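Asker:
Residue numbers (our numbering): 16 to 134.
1) Can you tell me the Cα-Cα spacing of residue 97 and residue 51, whole angstroms?
2) Thinking C-alpha only, which one of 99, 42, 108 is nearest residue 126?
3) Spatial neighbours of residue 49 within its chain, please: C-beta separation below 8 Å, excluding the five flanking residues on both sides.
4) Take the Cβ of residue 121 as the centre, count every other Cβ of all protein chains shown within 10 Å, and call the residue buried at 16 or more, exposed below.
5) Between which residues of its own chain and residue 111 is the CB-CB distance below 7 Å, once the five residues before and five after are set aside?
6) If you reduce the DSSP assignment to three classes, tell me which class residue 22 lands in.
7) Could you pull the start and end residues of the beta strand (DSSP E) that residue 110 belongs to?
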């Protein structure tokens, strides 16, 4: 996506929604659902989880690849599949997602080397 995505730190650490806080917050309580405070221990434990490591990898790629400074295109794909490519000069990043199996991969170039991340 163009621009700089925003991510709640609770989401980075695969935290859970706090429904009790949302209910307690009244009409503006929907904002409280993801405002759980994480302790240092929660963060240290989170950094050991594969889901957190993978999210950090994706964030690092999104913040460092020049491909995201270029153009975005969506390719025609099979039903329940999605392919989005960002291209800038010789750099690219391509998301291939299967919306049925919930599997996805990202191929990207960096310094004339192609890397594939599979999730």
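Backbone N, C-alpha and C fix where the C-beta goes; we use that ideal spot for every residue, glycine too. Note that the structure is a prediction, hence the values are computed from the model and not measured.
Answerer: With the given structure in hand:
1) Residue mapping note: residue 97 aligns to position 82 of the chain shown, counting from 1. Residue mapping note: residue 51 aligns to position 36 of the chain shown, counting from 1. Approximately 33 Å, taken between the alpha carbons.
2) Start at 1 with the first residue of the chain shown, and residue 126 comes out as number 111. If we check each option's Cα against that of residue 126, 108 comes out closest.
3) Here the question's residue 49 lines up with position 34 in the chain shown. Hits under 8 Å: 23, 25, 26, 30, 32, 33.
4) In the chain shown, residue 121 corresponds to position 106, counting from 1. Label assigned to residue 121: buried.
5) Mapped onto the chain shown, residue 111 falls at position 96. Excluding sequence neighbours, residue 111 sits near 98, 119, 120.
6) Reading the chain shown from its first residue, position 7 is the one you call residue 22. Residue 22 falls in the coil class under three-state DSSP.
7) Taking the chain shown and counting its residues from 1, one reaches residue 110 at position 95. 106-113 is the extent of the beta strand (DSSP E) around residue 110.
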